[in-house]
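Under the numbering used here, the letters of the sequence shown match residues 39 to 97, in that order. Written out below as structure tokens is the structure these notes cover.
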Amino acid sequence: IFDAQIEVCQALIADLDQRAAAHGDLVLELVHDFRRRQAVFIVEWLRVCRERLSQGVIA
């Protein structure tokens, strides 16, 4: 399940990168940057969760 969610987030990141490059609007660039950073954080968090669960470490 973690790998599937990571793939979804990585696809979102790629999509946001394309959209950000297509706009010249500063506000839209800021929104895309915010959403991209959220997705990057989620990927990192999912990787940590996957690693901890595989090792049996919860805390």
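Built from N, CA and C at the ideal position, the CB exists for glycine as well.
C-beta atoms of residue i and residue j nearer than 8 Å
i	j	result
Gln-48	Val-86	no
Val-78	Ile-44	no
Phe-40	Arg-88	yes
Leu-54	His-70	yes
Other residues of its chain near residue i: CB distance less than 6 Å, five sequence neighbours each side excluded
i	result
Gln-56	none
Arg-73	Leu-54
Contacts around residue i, its chain only, beta-carbon distance under 8 Å, and the 5 residues preceding and following it disregarded
i	result
Gly-94	none
Simplified DSSP state of residue i, which is helix, strand or coil
i	result
Ile-39	coil
Asp-142	The first residue shown for the chain is 39 and the last is 97, placing residue 142 beyond what the model contains.
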